[in-house]
Amino acid sequence: MKKRIQYIAAALLLCATFGTFGACRKGVVIPDPDPDPIPEPDPSPSVVYGLPEGGTGRYISNSDVLDDGDTRYLVCTTNETQAEEDNVIAVYKAKYEAGEGKGWAYGEQKIVLRGEEGKWDEYIGSASIVKGTFAKEDKNYSWLMAYCATSAANDTQYSIGLAAAASPDGEWEKIGQIVSFDSEVYGTSSVGCYAPSIVNYDKASGIRLFYTYADMYGHFAKFVDFDASDLTDIEISGEAMVPTNGSVAGGDDAVMFPNADFAYDETAGKFVAVKDYSPSAATDPKFATKIQLLSIDEEELLTTDIGEGWLGLRTWDNTDTMNGDTMYERLYGGSVVSDAYGHVNGANGYEIICHVCLEKSESEDYLFTQKPISFLYSAN
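Next comes the structure, spelled out in structure tokens:
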């Protein structure tokens, strides 16, 4: 479930950017010659209703949102240092509060995963988590994370790794790569494997890992299945390509499936996905301006027989981001809000979390304007 990227595909003039975003400016604070006394800090954590925002010099992108009982978790990519572009994975935890002007009450951000200098995951991209039953040697875990990362500073050659924890806002232990990008085979200029989205289809340890694979020909969704009950001995299936037939839209001559998040509607026997349109290459940032919500019968993911394919449910574009006098020029990186296992019940519709930001022409610090917003899709 997962994620924001700029697209680099040489033949298609696309480019990818979830590791570094280019130079940014730092402000200089001039102290007041006669400052007021500094108030004592409030010992209670701050609460934000609705959706969290990163604040000045901070971005929130690649959000993965799920509900575990009466608790909501938002897992996202953010920057550890204000006004810097040093990606880390963070978690926001929320409880629902009824009342006017209230709703999901988010607490403070907690950083839960960092890249490791000199290792394959030095530059972290995005993450997706699910609940389940997992073990490594004598340790038991209740949560599994898939995250993308690379050792290349130019946002290429991404692979996907796993981590495990007792709780989403707890300590995560890295397990290792699960989907590796072979630069000797596919070249060093390809983006590789990004935007992981995991579903625990049996609500125990049966994992389906979706991800986007990008090379010079485009961005396409793939998936693998594996049993994660024993994280020291994972047997992974062969990769399968997510079909692109049906009413898949994206603005390209070739039908692509970039930067997608998936959820499983077991009652309806369908998988649901939200994906980016391909971005405009004319202005920075080269993010999408539209997202599309789709569904497909689960059996069509496991057959070579061409069926009806994807059913387009709803498209949102940047005109849907109007808030007062502000309309954000970029709309991208959607996530289907699910339960803790990546399951949904679409009888009453779906909640979508996606991201917006300004253009470079509107703000030199446009990358730090990235934040999540939400849409509701009604099935009725």
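My numbering puts the first residue of the sequence shown at 979, with every later residue one more than the last.
Ideal Cβ positions, reconstructed from N, Cα and C, are used throughout, including at glycine.
From a predicted model like this one, the values you see are computed outputs, not experimental measurements.
1. Reducing DSSP to helix, strand and coil, say where F1201 ends up.
2. So, helix, strand or coil for D1295, using DSSP?
3. For N1040, does the count of other Cβ atoms within 10 angstroms reach 16, so buried, or fall short, so exposed?
4. Measure the beta-carbon distance from Y1319 to V1026 and round it to whole angstroms, keeping in mind my assumption that it falls under 8 angstroms.
5. My output table needs one value for Q1306: the three-state DSSP class, helix, strand or coil.
6. Just mark A1238 as buried or exposed, buried being the case when its beta carbon has 16 or more other beta carbons within 10 Å.
7. Do you know whose CA, among F1240, A1083, F1204 and Q1270, lies nearest G1229's CA?
8. Taking C-beta to C-beta, are D1205 and G1224 nearer than 8 angstroms?
9. Would you tell me roughly how many angstroms separate the C-alpha atoms of Q1135 and I1284, rounded to the nearest one?
10. Would you identify the three-state DSSP class for V1169, choosing helix, strand or coil?
11. Within its chain, find whatever has a CB closer than 7 angstroms to the CB of V1202; leave out the 5 residues flanking it on each side and keep chain order.
12. Judging by CA-CA distance, which residue of G1290, P1263, T1293 and W1288 is the nearest neighbour of Y1306?
13. Terminal residues of the continuous beta strand (DSSP E) containing V1157?
14. With 16 as the cutoff for other CB atoms within 10 Å, does I1331 come out buried or exposed?
15. What's the gap between the Cα of G1033 and the Cα of E1342?
16. Measure how close the beta-carbons of V1066 and E1058 come, nearest whole angstrom, since I'm counting them as under 8 angstroms.
17. Using the Cβ count rule (16 or more neighbours within 10 Å means buried), how would you classify D1243?
18. Looking only at C-alpha atoms, which of D1099, L1309 and T1245 sits nearest to T1297?
19. Could you name the residues of the same chain whose beta carbon sits closer than 6 angstroms to that of I1351, not counting the 5 residues immediately before and after it, in chain order?
20. Hey, out of A1260, Y1037 and G1081, whose CA is closest to T1049's CA?
21. Contact defined as beta carbons within less than 8 angstroms: I believe S1161 pairs with W1098. What is the distance between those atoms, to the nearest angstrom?
22. DSSP three-state label for L1354, please.
23. Residues bridged to D1317 by DSSP?
24. Since Y1328 sits in a beta bridge, which residues does DSSP pair it with?
25. Report yes if the C-beta distance between G1110 and E1100 is below 8 angstroms; otherwise report no.
26. For I1284, write down the residues that DSSP places opposite it in a beta bridge.
27. Below 8 angstroms CB to CB, which residues in the same chain sit around L1289 once its five sequence neighbours on both sides are set aside?
28. Are the Cβ atoms of V1322 and V1233 separated by less than 8 angstroms?
29. Over what stretch of residues does the alpha helix (DSSP H) that includes E1075 continue unbroken?
30. Looking at the secondary structure, which residues open and close the beta strand (DSSP E) in which S1273 lies?
31. Is it buried or exposed, S1339, if we count other Cβ atoms within 10 angstroms and call 16 or more buried?
32. From which residue to which residue does the beta strand (DSSP E) around Y1119 run?
33. Just tell me which of G1302, Y1164, K1117 and V1177 has its CA closest to the CA of K1152.
34. Across which residues does DSSP place D1211 in a beta bridge pair?
35. So V1220 and L1279 are supposed to be a Cβ contact under 8 angstroms. How far apart are they, rounded?
36. Thinking V1090 and D1147 are a contact (beta carbons under 8 angstroms), I'd like their distance in whole angstroms, please.
Concretely, from the data shown:
1. Translated into positions along the sequence shown, residue 1201 becomes position 223. Strand at F1201.
2. As a working mapping, residue 1295 is identified with position 317 in the sequence shown. Strand at D1295.
3. Start at 1 with the first residue of the sequence shown, and residue 1040 comes out as number 62. So N1040 ends up on the buried side.
4. Along the sequence shown, one-based indexing puts residue 1319 at 341. Along the sequence shown, one-based indexing puts residue 1026 at 48. With a Cβ gap of about 26 angstroms, Y1319 and V1026 do not count as contacting.
5. For the purposes of this step, residue 1306 is taken as the residue at position 328 of the sequence shown. Checking the displayed sequence, the identity of residue 1306 turns out to be Tyr instead of Gln. The answer is coil: DSSP assigns Y1306 none of H, G, I, E or B.
6. The sequence position of residue 1238 within the sequence shown is 260, counting from 1. Buried, by the Cβ-count rule.
7. Working through the sequence shown from its first residue, we reach residue 1229 at position 251. Restricting attention to F1240, A1083, F1204 and Q1270, the CA atom closest to the CA of G1229 is found in Q1270.
8. Translated into the one-based positions of the sequence shown, residue 1205 becomes position 227. Translated into the one-based positions of the sequence shown, residue 1224 becomes position 246. The answer is no: Cβ separation not under 8 angstroms.
9. Locating residue 1135 in the sequence shown gives position 157, where the first residue counts as 1. Locating residue 1284 in the sequence shown gives position 306, where the first residue counts as 1. Approximately 31 angstroms, taken between the alpha carbons.
10. To locate residue 1169, count along the sequence shown from 1; it is residue 191. The answer is coil: DSSP assigns V1169 none of H, G, I, E or B.
11. Sequence index remark: in the sequence shown, residue 1202 carries index 224 (1-based). So the list reads V1157, L1187, I1214, S1215 and E1217, once near-sequence residues are dropped.
12. By one-based count along the sequence shown, residue 1306 stands at place 328. Closest option to Y1306, Cα to Cα, is P1263.
13. Here the question's residue 1157 lines up with position 179 in the sequence shown. That run of the beta strand (DSSP E) goes E1151 to V1157.
14. Locating residue 1331 in the sequence shown gives position 353, where the first residue counts as 1. Taking a 10 Å sphere around the C-beta of I1331, we find 16 or more other C-beta atoms and assign the residue as buried.
15. Here the question's residue 1033 lines up with position 55 in the sequence shown. Here the question's residue 1342 lines up with position 364 in the sequence shown. Inter-residue distance for G1033 and E1342 is about 16 angstroms (C-alpha atoms, whole angstroms).
16. Numbered from its first residue, the sequence shown carries residue 1066 at position 88. Numbered from its first residue, the sequence shown carries residue 1058 at position 80. Confirmed, about 5 angstroms.
17. On the sequence shown, residue 1243 is found 265 positions in, with the first residue counted as 1. Burial call: buried.
18. Stepping through the sequence shown from its first residue, residue 1297 is reached at position 319. Among D1099, L1309 and T1245, the Cα nearest to that of T1297 is on L1309.
19. Mapped onto the sequence shown, residue 1351 falls at position 373. Excluding positions up to five away in sequence, the list reads V1334.
20. To locate residue 1049, count along the sequence shown from 1; it is residue 71. It is G1081 whose Cα lies nearest to the Cα of T1049.
21. Numbered from 1 along the sequence shown, position 183 holds the residue referred to as residue 1161. Numbered from 1 along the sequence shown, position 120 holds the residue referred to as residue 1098. Actually they do not touch by this definition, with Cβ atoms about 11 angstroms apart.
22. Sequence index remark: in the sequence shown, residue 1354 carries index 376 (1-based). DSSP places L1354 in strand when its eight states are reduced to three.
23. By one-based count along the sequence shown, residue 1317 stands at place 339. DSSP output for D1317 lists D1045 as bridge partner(s).
24. Translated into positions along the sequence shown, residue 1328 becomes position 350. DSSP, once it has assigned bridges, lists Y1355 as partnering Y1328.
25. The residue you call residue 1110 lines up with position 132 of the sequence shown. The residue you call residue 1100 lines up with position 122 of the sequence shown. Result no, Cβ atoms of G1110 and E1100 do not sit closer than 8 angstroms.
26. For this step, residue 1284 is matched to residue 306 along the sequence shown. The secondary-structure analysis by DSSP pairs I1284 with nothing; it has no beta-bridge partner.
27. Here residue 1289 is taken as the residue at index 311 of the sequence shown, counted from 1. Sequence-distant partners of L1289 (beyond 5 residues in either direction) whose C-beta falls short of 8 angstroms from its own C-beta, in its chain, are G1224, S1225, L1272, S1273 and I1274.
28. As a first step, residue 1322 must be located in the sequence shown, where it is residue number 344. As a first step, residue 1233 must be located in the sequence shown, where it is residue number 255. Taking C-beta atoms as the reference points, V1322 and V1233 fail to come closer than 8 angstroms.
29. Counted from its first residue, the sequence shown places residue 1075 at position 97. For E1075, no alpha helix (DSSP H) encloses it; the enclosing beta strand (DSSP E) starts and ends at N1065 to E1075.
30. Within the sequence shown, the letter at position 295 stands for residue 1273. Taken as a continuous stretch (DSSP letters only), the beta strand (DSSP E) holding S1273 covers K1268 to D1275.
31. Locating residue 1339 in the sequence shown gives position 361, counting from the first residue. By the neighbour-count criterion, in which a residue is buried when 16 or more other Cβ atoms sit within 10 angstroms of its Cβ, S1339 is exposed.
32. The residue given as residue 1119 occupies position 141 in the sequence shown. Looking at the DSSP string, the run of the beta strand (DSSP E) that includes Y1119 is K1117 to T1128.
33. Translated into positions along the sequence shown, residue 1152 becomes position 174. Ranking G1302, Y1164, K1117 and V1177 by Cα distance to K1152 puts K1117 first.
34. Sequence index remark: in the sequence shown, residue 1211 carries index 233 (1-based). DSSP output for D1211 lists no bridge partner at all.
35. Residue numbering aside, residue 1220 sits at position 242 when the sequence shown is read from its first letter. Residue numbering aside, residue 1279 sits at position 301 when the sequence shown is read from its first letter. That belief holds up - the Cβ atoms of V1220 and L1279 are roughly 7 angstroms apart, short of 8 angstroms.
36. Residue mapping note: residue 1090 aligns to position 112 of the sequence shown, counting from 1. Residue mapping note: residue 1147 aligns to position 169 of the sequence shown, counting from 1. That pair is a contact at about 7 angstroms.
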